[in-house]
Amino acid sequence: MCRVWVHLVSIVLLWWWIAMAEAEYIKYKDPKQPLKVRVTDLMSRMTLEEKIGQMVQIDRTVATPEIMKNYSIGSVLSGGGSTPLPEASAADWVNMVNMFQKGSLSTRLGIPMIYGIDAVHGHNNVYNATIFPHNIGLGATGDPELVRRIGAATALEVRATGIPYIFAPCIAVCRDPRWGRCYESYSEDHKIVEGMTDIILGLQGEVPAGSRKAVPYVGGKNKVAACAKHFVGDGGTTKGINENNTVIDMHGLLSIHMPAYADSIFKGVSTIMVSYSSWNGIKMHANRYLVTRFLKETLKFKGFIISDWEGIDRITSPPHSNYSYSVQAGIQAGIDMVMVPFNYIELIDDLTYMVKHKIIPMERIDDAVRRILLVKFTMGLFENPLADLSLVNELGKQEHRDLAREAVRKSLVLLKNGKNANDPLLPLPKKASKILVAGTHADNLGYQCGGWTINWQGFNGNNYTSEIVLEKPSKGEKSTHEVYKQRPRS
C-alpha cells in the first residue's frame, strides 16, 4: 500500500512540475520561435490599453520611467535639438535611453520601447558626431556604394548613443528648387533617388540571401531601423511651398514619387513616415487609399507607418481644431504609430473611446500593433533591450570623418571652369600669393552644415570640433595668404 502511495505522489509531483514548467514557458519571450508566433502570442496577452500605448510616440522632454510604465508607451523620440544635456556625451545618451527603457520593461508584459531620432546626415543632433553632407550633396556624388558606407557609419554612431531607430532616409524627389527642404532630397531625378536608397542597406544591414524580400530587416546591435520619408510627393508641391498640395495624376505619382518607396520596401526598410503634404487636395495623413490600399496592400509593406511630428493635428486647419476627428481620420487611414509628441493623454483617451464605441474597429488597432511588434522583435529589442557603452568610441571616430571628407570631395560639382575651355580657372596656380575667400557662409561651419545640425534649423558660427582650412603648401613652396571678407567690394 505504501508503494502505491509513493507512486501516486510521484505522479502528482511530476504532473505539477510539468504544469509549472508549461506555465513558465512564454512563447513571445523565446527567440527560437518564429516571429509570427511570438507576435501572435504577445498580442493575445495584451489589453486594449496596452495595445494603444504601443501606438504612441512621445518626446523625451515629457517622458519619465513612470509614464512609460503607466501608459505602456511604445516609443520615445528626440525632436531636433532635444538632448539630455548640452554637449551630451555618448554615455549621457545611453543612460537616458536606458532610464526610459527600464520603465517600459517594468510593465506587466515587459514590452521594450523603441527610441527614435533624426539622423539625416550623420548623427546630427549629437555633439562630436560625424556630420556628412546632406542628401543633395550625396545625390550629386552619384555613388550608391558611398552612401551605403555612410549608412553603416551612421548606424554605428547612433548605436553608440544607445538609440536603435532613425527617421531617415528622406527619399523625396524635389521637383521645384523653391522648396525649402530641397537640400534633404537626393535629386530631382527619381532614378538617382532610387539608387540612393542603398543607404538603407548600410543602416539596417544587407538582407541575407534566401530571406524574404520586402520584410523589415535589422542586422544586429550595430545596425538601426530606418524610416523612408515622407510618403508621398512631398517634393512635388505646388510652387515648392512646404507642406502644400502636390497636384499630379496617379501615373505621375507612380512614375516620379513612388519608385523609391518600392525600392526601400524591397530592401527591407522597417518603417515609413507620412508626409504633411496633400495629394490632389487630400492630406496624406488622412489618405486611406495611398497609405492602406496602396502602401500596405499593393506594395505589401509589412513594417509600421509613423506620422510626422504632430502630423495628425495638421489634418485640420488650423491644426488641432478638431482633434477627435484627426485621430479617427489618421488611424483609419492606416497610421500605426503617432508621433504625438506631447499631447499623449488626449490621444490615448480619444483612441480608447473610439475603439470601445466601435468608431474605430479593433482590427485596425491589431494591425498597427502587429506591425510595431514585428519590427521590435526583428530588431532584437526583446533579447537586448538595454544599451551598453561598448560602442561609445564609434562616435565621431576618425575613420568616419575621413569618410565624410571623401563624400564632400565627391559631392562638389563644377559647372563651368572659367570663361572658356582654353583658359581654365581651376586649378589655381600654386604660386598665387593671395586668395580671397568670400561669402556669408565661407567662414561659418554652422551655415555650411545646414539644417538638422545640433539644432532643428542648424546653428550659426564655428565650434571647436572641426575647422575650415586651405590645403597646406608643400615643403619649399611659398605660403599662400588667405584673405576672408564676408562681403567684398567688387
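The sequence shown: position 255 = 255 (UniProt numbering), numbered continuously.
Glycine residues also receive a C-beta, built at the ideal position from the N, C-alpha and C atoms.
Note that the coordinates shown come from a computational prediction; the quantities given were computed from them, not determined experimentally.
Member of the options whose CA lies at the smallest distance from the CA of residue i
i: Y484; options: G195, F100, T154, V437; result: V437
i: G74; options: V375, G458, K419; result: V375
i: C449; options: G137, V392, S104; result: G137
i: Q398; options: K356, T40, L156; result: L156
i: M68; options: Y28, G53, I248, I200; result: G53
i: R314; options: T298, E297, N287, E206; result: N287
i: I335; options: S264, I111, D367; result: D367
i: D176; options: I192, D234, K221, G451; result: D234
i: N244; options: W179, L299, T298; result: W179
i: G220; options: G281, E87, L389, Q204; result: Q204
i: F266; options: D402, E206, I306, N322; result: E206
i: G79; options: E406, V247, I117, W279; result: I117
i: V126; options: L351, N455, K431; result: N455
Backbone secondary structure at residue i - three-state DSSP
i: I335; result: coil
i: S82; result: coil
i: T278; result: As written in the sequence, residue 278 is Ser, which differs from the Thr given in the question. Strand at S278.
i: T271; result: strand
i: S326; result: helix
i: F132; result: coil
i: E87; result: coil
i: D59; result: strand
i: K296; result: helix
i: L425; result: coil
i: E157; result: helix
i: N98; result: helix
i: G458; result: coil
i: K358; result: coil
i: E310; result: coil
i: K36; result: helix
i: E482; result: strand
i: G380; result: coil
i: K302; result: coil
Distance between beta carbons of residue j and residue i, contact taken as under 8 Å
i: I372; j: F304; result: 5 Å
i: F294; j: I272; result: Contact flag wrong, Cβ pair sits at about 12 Å.
i: V338; j: V56; result: 6 Å
i: I200; j: P164; result: Contact flag wrong, Cβ pair sits at about 15 Å.
i: H230; j: V274; result: 7 Å
Residues near residue i by beta carbon distance below 6 Å, same chain, minus five either side
i: T141; result: K410, S411
i: Q486; result: T440
i: P144; result: G195, D198
Own chain residues within Cβ distance below 8 Å of residue i, not counting five before or after
i: T453; result: H121, N124, I131, G446, F459
i: P112; result: Q101, S104, L105, K376, L381, F382, P385
i: R108; result: E50
i: M43; result: K51, D366, V369, R370, L373
i: L414; result: L426
7 Å CB neighbourhood of residue i in its chain, flanking five on each side removed
i: M258; result: V232
i: N463; result: L445
i: A90; result: A160, T161, V392, L395
i: A333; result: H285, A286, N287, R288, V291, T292
Residue-chain proximity (residue i, chain C), Cβ-Cβ < 9 Å
i: G451; result: As a matter of chain content, chain C is missing from the structure shown, which is built from one protein chain.
| Whole beta strand (DSSP E) elements within the stretch 160 to 241, 3-residue minimum | Along the stretch 160 to 241, the beta strand (DSSP E) occurs as fully enclosed runs of 3 or more residues at 227 to 231, listed in sequence order.
| field | Length-filtered (4 minimum) alpha helix (DSSP H) runs lying within the stretch 394 to 423 | value | Qualifying alpha helix (DSSP H) stretches, in chain order: 398 to 411.
| task | Within the stretch 241 to 265, note down every full alpha helix (DSSP H) run reaching 4 residues or more, in order along the chain. | result | Within the stretch 241 to 265, no alpha helix (DSSP H) run of at least 4 residues lies entirely inside it.
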